[in-house]
Structures are given as C-alpha cells and as structure tokens.
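Student: There's a structure below that I have some questions on.
Protein chains: 2
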Amino acid sequence: MSEHSHQVKELMGQAEHALDAVQAILDSVLANLKSRTQKGGQVSAAKIDDYQLIAYDAALSSAEASAARFMLDYATKVRVETGNTSKTLNLEDSLALFFCAEAIHSIRARLSARPDDFGISQTELTAKLESESVRGFCNSQLATQNIAALGKAVCELNGQVGAYLLDDHHQMMQDTFRRVANEVVMPLAKEIHQKDLIIPDAILEQVKELGCFGLSIPERFGGLQSDEQEDNMGMIVVTEELSRGSLGAAGSLITRPEILSRALLKGGTEEQKQQWLPKLAVGEILCAVAVTEPNYGSDVAAMRLKATKTEGGWLLNGAKTWCTFGGKAGVLLVLARTNPDLSLGHRGLSMFLAEKPTYDGHAFEYKQEGGGKLSGKAIATIGYRGMHSFEMFFDNFFVPDENLLGGPEGLGKGFYFTMAGFSGGRIQTAARAIGLMQVAFERAVSYAKDRLVFGKPIADYQLTQVKLARMAAYLAASRQFTYAVGRLMDTGKGDMEASMVKLFTCKTAEWLTREALQIHGGMGYAEETPVSRYFVDARVLSIFEGAEETLALKVIAPALVKNARDN
Amino acid sequence: MSEHSHQVKELMGQAEHALDAVQAILDSVLANLKSRTQKGGQVSAAKIDDYQLIAYDAALSSAEASAARFMLDYATKVRVETGNTSKTLNLEDSLALFFCAEAIHSIRARLSARPDDFGISQTELTAKLESESVRGFCNSQLATQNIAALGKAVCELNGQVGAYLLDDHHQMMQDTFRRVANEVVMPLAKEIHQKDLIIPDAILEQVKELGCFGLSIPERFGGLQSDEQEDNMGMIVVTEELSRGSLGAAGSLITRPEILSRALLKGGTEEQKQQWLPKLAVGEILCAVAVTEPNYGSDVAAMRLKATKTEGGWLLNGAKTWCTFGGKAGVLLVLARTNPDLSLGHRGLSMFLAEKPTYDGHAFEYKQEGGGKLSGKAIATIGYRGMHSFEMFFDNFFVPDENLLGGPEGLGKGFYFTMAGFSGGRIQTAARAIGLMQVAFERAVSYAKDRLVFGKPIADYQLTQVKLARMAAYLAASRQFTYAVGRLMDTGKGDMEASMVKLFTCKTAEWLTREALQIHGGMGYAEETPVSRYFVDARVLSIFEGAEETLALKVIAPALVKNARDN
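Taken in sequence, the protein lines are chains A and B.
Positions 1 to 567 (the numbering used here) are the ones given, in order, by the first sequence.
Positions 1 to 567 (the numbering used here) are the ones given, in order, by the second sequence.
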C-alpha cells in the first residue's frame, strides 16, 4: 500500500469516525423523541407536533448526515474505479472530506443551540462532537487554506465537480440530454421566462422523440424501463440534464408523466394500464396532476372536490389549484371525494383520469357536450415559467366509469395512489435541483474567471474561492445523494430517503443559486443574465412536491422516530 | 425594587456579560488580524486580502454583536420610558434577550469552524463562549418553549415588534408616510412590478408635496433639515415607511437626492448649493447617480468615463451602468476621469452635474444642440422595479464649467465627493431593508393566522411560531440598529457603522422575506401575493449601495482592524 493510500485511508477513517459520532448523537436524539411521542406503543403524529422544531432539525440533520455518508462512499468508489495512486487526493476525496466537515459542523451548531430540547446532555454532546478527533478532522477540513485551495482547483474545471460514475447506458443518456439542453433548451429559455410563454414545440417534440415521457414506464407498456426493475437513474439523469437547460421549460416535463405512470402502475387496472401507459410513454397524450386544492395545500385528507355518481360515470364539482401544465395536458389525474362523509378523511377519496382538449394559452374554458364545464387560469409566478400552473374549476364535469383509477376496486383508494405517484415526484425534484445547481455553478465559475475587480479576476480572491469550493462540495454531495437514493428506489426501497434527498437538495439549491447570483454582482440581478432566472426558479423547489416542513415533519421525522431504538 | 425588575436586571446582566465575552473574543480576533496585516505600521488592504474569509466573518460577527448591544440598550430604554413593572418581561426585553442569544450562537458557530485561522485557541474559545454562564444564558433563551411563546406573543400583535421609540416629530412623520404607503403606494405596487412601469405621478407628486426630497437638505436651502444638525432619523423613518409600501415604487425615491445632496453639501461651491439644493428639495428637478461603469463595478479608481476640457466646459465620453432613475432624472451626478493618466487612480476623477430632459420610457436618446449625445436603456431586473436602472452612453456630451462639482477646486476630488454621497446611501438602504422586512413580516403573520392546515391555523404550529419569533427578533434588532446608527450619524460619526448596519440588515432582509414567502406556501410564489415581490426585491439589497463583500472587506474589516489593540 502506497504512502498516499495510507493518507487517504486515514482521512477517510477520520471522516467515518466523525460521522459515526454524529450518528450516535442523532440516534440518541431520535430515541429520546420516540420516548416522548409514543402513545399506546405507536408513534403519534399529533405528539410529534409538540416537538416540531426538534423533529424538523432532526430530520434535516439526518439528511445532511446521510448525504455525507453517501459522499464518502462515492469518493471510495471513484478511487477504486480510477485506481488513482497519485500523491494527491482525488478531487472527489477532497470534496467528500470537506463536505463531511461542513455537515458535521452544521449539525453540531444546530444541536448545541438547545441540547436539553434534543434530550442530550451537554456532556454527551461535548464528548461526542467536540472530541479531539472529531474537532481535529473538522478543523483541518474547514481551514481557510484547505477550502481556498479546493476552490482554486474546481475553478480550473469549468464547473465540473468530479466524476458522475454513471454506467454506459446512463452516460449515453446524459450525453444526449446535455446536448438537447445546450442546443435546444438554453437558446429558448430566456424568452420563455421573460414572456411567460408555454413550452414551445421545439422543446416538446425533441423530448417526446427521445422517449422521455416513457422513462418510468416499463417496456411492455411502450416505455424505456425494463419490465423487471425500475430505472430511477435514467429518469434522474435525464431530468438533471434537462433542468440544467431550464427548470420550467424542460426539466419539469417529466414530473407529471412520472407521477401519473407510478399511480397507474400502482393502482390502475390492466385495461387502464394498456390504454394509457403507451400513449403517455410516447407523449401522444400529455398529462397534469390535479390534487392540491385552493384552501388545503398538502392536507390531502381535507380535499373537497366532489365526485357524484351519475349514469355511466361521475360528475366532478369543485376547484383545484397549482395544476401545472394543466392547459396543455390532455388528461388530468384528479383526486376527488367520492364519499361525501368528510369524517372518512382520505378514505373517502378516489382518483380519476379526466380527459380534456389541449390549450396553449394562459386561460381556457372547455364545455362538454353533456353540459359539463372545466375552466382554467394560469397563475403568474416569479419563476418556474414555461409549464404554467393552473387554477381549475370543475362544473358538473363528466368522467366515465372506466376512468376511475383501479375501477370499482379503486374507490376510496385515491390517497394511496396519490402517495405512490408522488414518491417519484420527490426524487425527480431532487434531480431537478441538481441540474439547476449545476448550471448555476458553471455560470458562477465562468463569471468569476472573466470578471476583473481591482485589476484581477474575482476568482483569484479568497472569498470567491471559498464560495466556489462550498458550492462545488454541496453540489457534488447533492448529486451523489440523489443517485444513491435513486439506486435504492430501484430495489423498491428508499421512500423516506427520497423525501430526505428532496429536502436537502432543494434547500441547497436555494442557497447555491443565491451565491451564484451574488458572485455576478449587479449583473446577477438583471434578467439578461441567466443566473437571475436560476435564483427565482430555485425558490419553488422547497415549496412544491412536498414543502420542506411537510417532508420533515410528516414523512422523515415520523419514519426516523418509528425506527429509532427504544430508550 | 420589585421582584420583576430583579429578574429583568439579572437576565439583562447575563446578556451583557455574554456579549462582553463575545466582544473579548472578537477583540482577540481583530488584534490577531491586525498583527498579520500590518505593513510598515499601517494596515495593508492587500494583506487583508490574504485573510478575506476571516476578515469577512469578523466584520459580520462584529455587526451582529453591535446589533445585539444596541438591542439591549433599546430594551432598557423602553423599560425606562414605559415604567413597566409588571411581572412579565416587556416584549422588547424578550426580543432583545432572544436576539442576543441568536447572535452569540451564530458568532460562536462561525468562530468554532476554524479557530486557528481566527488566531484564537480552542481553550480560549471554550473558556469564553462555552462558559457555564454564557451557555446557560443562550440555552435558556434558545429553548424551544421560550421561542414558541415569543412567536405566539408577536402573532397577537399583527406585525408589530415593539415600540419604535420615536420622538413626536418623527412619530408624526411615520404616521404620515405610513398613510401614504397604505393609501397611495400599496394599491399601485403590484401593477408597477408586473408591468415594469416607471413610478407614476400619483406617487411621485405625493412624495414631492410632503417634502421628502429635501429630507437631507438644510432649511436654508429649502429642505426640511435643521441648519445645525443632520436629521438622519427623519430620512430613515420616511424611507422605512415608503419601503413598506414598495421598495422600487416608493422607498428608493429618496436615495438619489440623498446622495446628491450629501455630495453637494460636501463638495459644492456656495453657488452650486444655492442653485441646486432648493430645486432638489422640492423635487422641481429629479436626479440620478452615474458612477458605476459596466466593467468596473465598485472599483471606483478604475473608472474610465472621460471628461475632456473644451471651451466653456467639458465633453463626456464613455458608459455608465445601473444609473437608477436615469430616464426620469433631470440631472445626473456623473463621476468622470478628468485626468487621463490612469495611474492617478481615483485622484484623476471629478464629479459633474449633467443636465438632461426627463423621459418616462425604457429607453431614450437625447441630442444636444452642439452635437453631444446621451442615450439610455433600462436594464430589466427580477425585482426592484419602478425606478428603472439604465445603461447610459455619453457621446461628446457637453457639461458647462459651472457644473463641475466644487468648481476648479473640485478637480480630482470626485472620489471623495462620491464617498460623501454614498455614506448616506448606506444607512438609507438599511432603512429600506427594514421597511421591506416590516411589510413581509406583517403579511406572514396575517397569513399564518388565516390559513388552516390539518384543521388549524398554521400560526398554531410550533414551527411557525419559531419562524415568526425569529423574524420578529431580527426585524426589531435591524430597526433599532439602524436607528442607533442614524442617531450616531447625526453627530457626524458612524460612517463605518453605516456599512455594518447595511451589511446586517440587507442579509437579514433576504432571509426574512424568504421565510415570509415559505409561510405562504405555494401562494407565496404567485405574483398575485405581495410577498413574492418582497422576496425578489430583497435580493437586490446585498448587491447595490456597496455589495456585502465590498462593505465587509473594504470598509468594515479595515476600520475594525485599524482600531484593534496591538497584540
């Protein structure tokens, strides 16, 4: 074993050890939270609400710790694959070690603000996280010189932050969609944003042609995915590259077919699958999701849109909001209350596939022959333009029996089908976040190298180097976290992890695009400069597909607490 | 002395003590930085560049510590003025104590990331900032229950965060301009933003009529300010209230007359003062500032726009950018190079008052009789709309001799006059930030109380209460920090502090508006909802009137280091 590999091994060992210490503390925190939130042997959601701050911080800290762990695994893999035995650390090693220290520092700061509330003693906290070895590791990684050197190194790479480690198949997909992003999407992105246009056919047709809408659909239904196993990595890579072109004008196109396909695969009858999936796969029919209601946000159980039985079908009445791509879509996945008894909560909900014509404008009104009506109005937003999110009003809108998802068996199961669909939306959103971060980072590096201040490029200043190093480390960690969870999902697991990675990457994207804009100075605030768009686009990420608070408090914390050891 | 006042006194004492400990550490940091950045007995700007990260963090930490100190002073003043002897703490006490703990925690986290680089030992850091008493104070203030209770309390107050402590004169100003904001500005703000309109006369005339443009102009020149002493508080209060109405469509109107008045008062000849100040004071002539150049940002010494002597005046040639309100303005304050020898740096620069017609549109071209030309084009931005920032091209543009600021004596002094003008721009920008935060906070509270999720208002959830408590504390601290520095400036001091308060409040406004948007969920992202505008507006604050990096590294850190003790 070379001297170098000794050094790498030692540093990696220090990082592992420090993460173990963090994990031990987080385990205590979760065990403690479990003991406080149990009711009759079960973890009670209502009781978690009494500890929201702790639960939120535990969820976010766990997400950061997971990201750090995956980042170390990744660096190890890179070393194995490249067989690097040079004297210096790989870039991936350096990024992984630095990111670990950042994550540990941030978790430590969070916990030390209120150790009592976390149910840990100051002594335990100090013993675990302020030990000589943990502190030694963090201090050396967080030393200015180390970070600035890393910043200089990434600056030379024009926006690259280490190997992606894709297999050939996914590498090919990446190449293809990077080209689409560069050649087709980027030249149109600014105009789409500034004029708030709907995604033009130039982009749509390209995406259709390359089979993107079938990425999560098995081959036997005309999709690109093997019949044996999900291929989340394919969906992730394509989403990432398209989002690098534009979040709103390309990267989000797959979200809705992704959700609809998953819901159909989970809940649809064989006939429904046969009827819809092949059309969705080739983009013959475009789709949208009508779940959120104006007054209920993510409180699915309180949904009011009513479906009343009529001859041969159902009549829908009520309103939905944030129905993204709802104008262009030919079919809407509508969550409706089929049982008027509100006390049933989500057990009174069913899922429908509502067909409609496709519209390009900011508003439409569709009248059915039988008198039913559906009208929609796009909601103007500060970013994420191109898809158009609609408010929708259903007025005696008729849906035939065969469009009740799951058939008669599906009655009352709408909530579960929704959840099945949305689990894909979360990992997909993480992929959107990393694509957006990637392009923002590329622009920041390029601007920092070109722009002279006081006679030299701003990239030559320490503060810029530190910013770029942090951006690079968080971007690389976000990507590898997303990939790792994607692979986990291929094996049928990773549902909670998908929420974790969505929480982490979306918060990170907000921060990273903010920094990228700041590096641009005044020009960053101009619409002319793409980074201004990345900044406003990123702001939507922590809101949609599960707001950060919802994910942390309703998905991640309960799952972590449930699996925590008993105190 | 009542039992209560004992308790308050004790808590305040703990806070003071903890802040003293922080200050002692920061003093060490600065002394250490001084020892490393001296060159021939002088602090060297170039050497500070070798320690940018440390210098930046020291500047920001010092700003936070100052804000905390002023916040404690404020709470004490409120207690004295209200004579409160009830059993509970005043709201102002609670906000001040909590803010102190937040500031200390944030400084501690920053320093503990890299103690070696800060030149402090782990032992010193632990002894000072992890002492039983400092930790005891912080832990009790940062305890979830304490914060959540504070959040509940502020929620009842519909956006108020404690007494302003204004004297009658300024209270009257506040009442007047709050009314203007509510009745005149707010109803127009959304349309101005969405359609990117120039500020309409309805607002402009109102602001003129109330004498706003003369707020920093002494009475003898037709302004509102006493001839004996500056009245920064008046300018701050008016700016704050107008910015509460809209940052771009009202709150920023005073910035330019503020800068121009200060430059004129500092550098103008008596004739120039007599000629310009009365017209500026009543808004008979509107003004703009043309200092920044496309390729040089805040690097004033590198400015290229050339002024060449000609008969009876000067010919200006070159480009300026970010000339806000440049279309509407009737006079531009132009920084130009009167000595072509670039090696003179800022000593080759002079300041001119360039007259032009006023234009409403997004572009204009003005031809002088003698053949000179000035063209301008508004730069589209993601927010801060209403003022329109122009790129300007000067082509043999003639300015008569009498418009050289300071007359022949003013030659080569343009840089100093610019600095004099901009010092007012910084405190004024802090006031803009607090007005924007105030309205964002009001909307967040109101939405949190109205919006039901899972059957109860989100204001009833702990995480929302924590968010609102933090927002309230940072808003109150920002306001009182700004007021304190404003009063300091009235006595002719506070130049460095103006940069500190600008740095702190603008960063805080970015964060606070982000949180306010998040509380609104999806609706926060819609242009329909004012908070979406506050979010994009706030993003400009850390960029203009001195970017955060420039203020920290070029103004605050050098001043702090210069005044630090010798090690």
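Even glycine gets a Cβ: it sits at the ideal position worked out from N, Cα and C.
On a predicted model such as this, the values are computed, not experimentally measured, just so you know.
Using CA coordinates, which residue listed in GLY267/B, ALA433/B, ALA473/B and ALA538/B is at the minimum distance from THR381/B?
Tutor: Minimum Cα distance to THR381/B is reached at ALA538/B.
Student: For the ligand FMN, any of its heavy atoms closer than 7 Å to the Cβ of GLU442/B?
Tutor: The ligand content of the structure shown is nil, which means the ligand FMN is not present either.
Student: From the beta carbon of ARG114/A, is the nearest beta carbon of chain B less than 8 Å away?
Tutor: With 8 Å as the cut-off, ARG114/A counts as an interface residue toward chain B.
Student: Quick one: grab the DSSP three-state call for SER423/A.
Tutor: SER423/A falls in the helix class under three-state DSSP.
Student: Contact defined as beta carbons within less than 8 Å: I believe LEU247/B pairs with TYR447/B. What is the distance between those atoms, to the nearest angstrom?
Tutor: LEU247/B to TYR447/B, Cβ: 20 Å. No contact.
Student: Taking 8 Å as the threshold (C-beta atoms), are ILE254/A and VAL238/A in contact?
Tutor: Going by C-beta atoms, VAL238/A is nearer than 8 Å to ILE254/A.
Student: Determine the DSSP secondary structure at ILE379/B, reduced to helix, strand or coil.
Tutor: DSSP places ILE379/B in strand when its eight states are reduced to three.
Student: Which stretch, first to last residue, makes up the beta strand (DSSP E) that contains TYR366/B?
Tutor: It spans 363-367 - the beta strand (DSSP E) in which TYR366/B sits, taken as one unbroken run.
Student: Name the one or two DSSP bridge partners that VAL453/A has.
Tutor: Per DSSP, LYS456/A.
Student: Have a look at LYS502/A and ARG110/A and give me their C-alpha separation to the nearest angstrom.
Tutor: The alpha-carbon atoms of LYS502/A and ARG110/A are separated by roughly 20 Å.
Student: Please confirm if SER542/A has its CB atom under 8 Å from at least one CB of chain B.
Tutor: SER542/A counts as touching chain B.
Student: Determine the direct distance from the alpha carbon of ALA148/B to that of ALA46/A, and round the result to whole angstroms.
Tutor: For ALA46/A and ALA148/B, the distance between alpha carbons rounds to 17 Å.
Student: Since PHE454/B meets chain A, which of its residues come closer than 7 Å, beta carbon to beta carbon?
Tutor: What PHE454/B touches in chain A: ASP299.
Student: Kindly indicate if chain B contains any beta-carbon less than 8 Å away from that of LEU53/A.
Tutor: Yes, LEU53/A lies at the interface with chain B (some Cβ there is under 8 Å from its Cβ).
Student: Answer with buried or exposed for ASN139/A, where buried requires no fewer than 16 other C-beta atoms within 10 angstroms of its C-beta.
Tutor: Flag for ASN139/A reads buried.
Student: Is the Cβ-Cβ distance between PHE397/B and LEU374/B less than 8 Å?
Tutor: The answer is yes: Cβ separation under 8 Å.
Student: Are VAL8/B and ARG79/B touching if we call contact CB-CB under 8 Å?
Tutor: Cβ atoms of VAL8/B and ARG79/B: closer than 8 Å.
Student: Excluding the 5 residues preceding and the 5 following GLU548/A in the sequence, name in chain order all residues of the same chain whose CB lies nearer than 6 Å to its CB.
Tutor: Around GLU548/A: LEU503 and SER542.
Student: Look up PRO400/A in the DSSP assignment and say whether it is helix, strand or coil.
Tutor: Looking at PRO400/A - three-state DSSP - the assignment turns out to be strand.
Student: Sorted by chain position, which residues of the same chain lie with C-beta nearer than 7 Å to LEU11/A's C-beta, five sequence neighbours on each side aside?
Tutor: Once the five neighbours on either side are set aside, the close Cβ partners of LEU11/A are LEU97.
Student: Run down chain A in chain order and give the residues with a C-beta less than 9 Å from the C-beta of TRP314/B.
Tutor: Under the 9 Å cutoff, chain A gives no residues; its nearest Cβ is about 27 Å from TRP314/B.
Student: From MET71/A, ASP49/A and ALA21/A, pick the residue whose C-alpha is nearest to that of SER478/A; which is it?
Tutor: SER478/A has its Cα closest to that of MET71/A, out of MET71/A, ASP49/A and ALA21/A.
Student: With 7 Å as the C-beta to C-beta threshold (strictly closer), list the residues of the region 138-151 of chain B near chain A in chain order.
Tutor: Those residues of the region 138-151 of chain B that come within reach of chain A (Cβ to Cβ, closer than 7 Å) are ASN139, LEU142, ALA143 and THR144.
Student: With 16 other CB atoms within 10 Å as the buried threshold, where does TYR56/B fall?
Tutor: Result: buried.
Student: Beta strand (DSSP E) containing VAL282/A: first to last residue?
Tutor: From DSSP, VAL282/A is part of no beta strand (DSSP E); its letter is neither H nor E.
Student: From the beta carbon of GLN229/A, is the nearest beta carbon of chain B less than 8 Å away?
Tutor: False, the Cβ-Cβ gap to chain B never drops below 8 Å.
Student: Measure the beta-carbon distance from LEU60/A to ALA469/A and round it to whole angstroms, keeping in mind my assumption that it falls under 8 Å.
Tutor: That belief does not hold up - the Cβ atoms of LEU60/A and ALA469/A are roughly 22 Å apart, past 8 Å.
Student: Would you call THR418/B buried or exposed, if buried means 16 or more other Cβ atoms sit within 10 Å of its Cβ?
Tutor: The residue in question, THR418/B, is buried, as its Cβ has 16 or more Cβ neighbours within 10 Å.
Student: Indicate whether at least one CB of chain B lies closer than 8 Å to the CB of MET1/A.
Tutor: Reliability fails at MET1/A, whose pLDDT of 40 lies under 50, so the model's placement of it is uncertain and no value is given.
Student: Which runs of the alpha helix (DSSP H) spanning at least 4 residues fall entirely within the region 76-163 of chain B, listed in chain order?
Tutor: Within the region 76-163 of chain B, the complete alpha helix (DSSP H) runs of at least 4 residues are 91-113, 115-118, 122-129, 132-142 and 144-155.
Student: Could you tell me which of ILE379/A, ASP360/A and GLY348/A sits nearest to GLY415/A, measuring between CA atoms?
Tutor: It is worth fixing the name first, because residue 415/A is Phe in this sequence and not Gly. Among ILE379/A, ASP360/A and GLY348/A, the Cα nearest to that of PHE415/A belongs to GLY348/A.
Student: Contact criterion: CB-CB distance below 8 Å. Does THR418/B meet it with respect to chain A?
Tutor: False, the Cβ-Cβ gap to chain A never drops below 8 Å.
Student: Would you give the residue range spanned by the alpha helix (DSSP H) that SER532/A belongs to?
Tutor: Run containing SER532/A: 530-538, per the alpha helix (DSSP H) assignment.
Student: Going straight from the alpha carbon of PHE394/B to that of GLU369/B, what length do you get?
Tutor: Roughly 15 Å separates the two Cα atoms.
Student: Which residues mark the beginning and the end of the beta strand (DSSP E) in which ASN317/A is found?
Tutor: It spans 313-324 - the beta strand (DSSP E) in which ASN317/A sits, taken as one unbroken run.
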